[in-house]
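To keep things clear, I will list the structure first and then write my remarks on it.
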Amino acid sequence: MSENQNLLAEQRRALILDEVRRRGGVRVNELTRKLNVSDMTIRRDLDALARQGLIEKVHGGAVPVVEASTHEPGFEAKSALEPSAKEEIARAAAALAAPGSAIALSGGTTTYALARHLLDVPDLTVVTNSVRVADVFHDARHTAGGGGARPGAATVVLTGGVRTPSDSLVGPVADRAIGSLHFDVLFLGVHGISAEAGLSTPNLAEAETNRRLVRAARRIVVVADHTKWGTVGLSSFAALDEVDTFVTDAGLAPELRAEIGEHLPGLLVAGDAPGDPVEPADAPPSPGA
1 MSENQNLLAE
11 QRRALILDEV
21 RRRGGVRVNE
31 LTRKLNVSDM
41 TIRRDLDALA
51 RQGLIEKVHG
61 GAVPVVEAST
71 HEPGFEAKSA
81 LEPSAKEEIA
91 RAAAALAAPG
101 SAIALSGGTT
111 TYALARHLLD
121 VPDLTVVTNS
131 VRVADVFHDA
141 RHTAGGGGAR
151 PGAATVVLTG
161 GVRTPSDSLV
171 GPVADRAIGS
181 LHFDVLFLGV
191 HGISAEAGLS
201 TPNLAEAETN
211 RRLVRAARRI
221 VVVADHTKWG
231 TVGLSSFAAL
241 DEVDTFVTDA
251 GLAPELRAEI
261 GEHLPGLLVA
271 GDAPGDPVEP
281 ADAPPSPGA
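Okay, here's the thing in structure tokens:
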């Protein structure tokens, strides 16, 4: 098989990263055999992953980067990671938002991708502590033509607060605003998710704001790509049994799917062959119902 018949570079690098994390290190010659590409191609892939801070190159191969539990990448850095997976997750998760419902979106690059897909869901009320998410709805509202909002455009509430490196608003101001609200569904992006630590983040203030979001929601949907499973940040803010649905991508290994199924009531793998239909979140009752 020639190299141009192999996986796209993004897919190949995702597989390499999975191998590095799963095995604790890989050698170049192992990857050339496994992926059926040249030594030079693998070295270019390792260079690209190293530039993103995802691996550390060593003689003859690569090892994982050991990050402090307090490390929090910025929004742009996180946007470059797993973009195809995030898009698939966003498309699948958007089906869980019912027209006319009140939803919340936390900060993060996956919820940012989700926001773009929610533009087609009519009459939403959206509460968010993400500046980027709010901008998606704001820009759509003002490019609809004629200077006015299109019919069915979402009503957006942006909490106040202190801005984090990932462009989320956190702290006492955000916490107070969220504490007085109630959502049908919370779409929650996470830094890490694991059986032991639950949902976690490296930012202490963000952890508290996320706790408020979780408490205010009737249903909790976590949206996170497969690389987030097994990652643990400094502060946990919710247990796995508080999550109703985990939406992830097809890069999640089968053995991990089985493990997650033991802890979560709902696992939705975007990009898999269609199975049972996904039921949308309950819409609020109509007036007089």
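Here UniProt numbering is used: the sequence shown runs in plain steps of one and ends on residue 289. Positions of the beta carbon are idealized from the N, C-alpha and C atoms, including for glycine. Just so you know, these numbers come straight off a predicted model, no measurement behind them.
Check	Outcome
Excluding the five sequence neighbours on either side, which residues of its own chain have a C-beta within less than 6 Å of the C-beta of A283, listed in chain order?	Confidence at A283 is low in this model, with a pLDDT of 47, below 50, so its placement is unreliable and no value can be given for it.
Mapping DSSP to helix, strand and coil, what is V127?	strand
F246 and L264 - do their beta-carbons sit closer together than 9 Å?	yes
Do you know how far the Cα of V28 is from the Cα of M40?	9 Å
Any idea what DSSP makes of E262, helix, strand or coil?	coil
Ordered along the chain, which non-local residues of its own chain (more than five positions away) have a Cβ less than 7 Å from that of A289?	Residue confidence is low: A289 scores 37 on pLDDT, short of 50, so the model does not pin down where it sits. No coordinate-derived value is stated.
Excluding the 5 residues flanking A270 on each side, which residues of the same chain have their C-beta closer than 6 Å to its C-beta?	E88, I89, A92, D249
If I'm right that V221 touches L96 with Cβ under 8 Å, what's the distance once you round it to whole angstroms?	6 Å
Starting from S84 and walking both ways along the beta strand (DSSP E), at which residues does that stretch end?	Not the beta strand (DSSP E): S84 falls in the alpha helix (DSSP H), residues 83-94.
Would you say S84 and T111 are within 9 Å of each other, going by their C-beta atoms?	no
What does DSSP give as the partner residues of F246 in its beta bridges?	V222, L267
Between the alpha carbons of V162 and V223, how many angstroms are there, rounded?	23 Å
So for A238, helix, strand or coil by DSSP?	strand
When the Cα atoms are used, what is the spatial distance from T32 to P64?	19 Å
Inspect the beta-carbon positions of R23 and G230 and report whether they are closer than 9 Å.	no
Does the separation of the CB atoms of G108 and G171 fall below 9 Å?	no
Mind checking which residues open and close the alpha helix (DSSP H) that includes G189?	Element bounds for G189: not the alpha helix (DSSP H) but the beta strand (DSSP E), 183-189.
As a quick exercise: from L186, E10, N203, pick the residue whose alpha carbon is nearest that of Q52.	E10
Who are the near neighbours of H182 in its chain, counting only those whose CB is closer than 6 Å to its CB and skipping five residues on each side?	A216
Taking L240 as the reference, which of E259, G251, E255 has the closest Cα?	E259
From the DSSP output, in three-state form, read off V214 for me.	helix
Going by other Cβ atoms of all chains shown within 10 Å of its Cβ, with 16 needed for buried, is G261 buried or exposed?	exposed
Would V185 pass as a contact of R219 if the rule is Cβ separation under 9 Å?	yes
Please classify A134 as buried or exposed, where buried requires at least 16 neighbouring CB atoms within 10 angstroms.	buried
L204 to G233, Cα distance in whole Å?	10 Å
Would D18 pass as a contact of A177 if the rule is Cβ separation under 9 Å?	no
Check the DSSP bridge columns for L64 and list the partner residues they point to.	Here the sequence assigns Pro to residue 64, which means Leu is not the residue at that position. Answer by DSSP bridge pairing, in chain order: I55.
Using the Cα positions of D45 and A14, report the straight-line distance between them to the nearest angstrom.	10 Å
Is DSSP giving P280 helix, strand or coil here?	Because P280 sits at a pLDDT of 46, beneath the cut-off of 50, its placement in the model cannot be relied upon, and the following sentence gives the value as read from the coordinates. P280: coil per DSSP, three-state reduction.
Name the one or two DSSP bridge partners that G192 has.	S200
If you measure between the beta carbons of G56 and A62, is that distance less than 9 Å?	Position check: residue 56 holds Glu in this sequence, whereas Gly was assumed. Contact flag set, yes.
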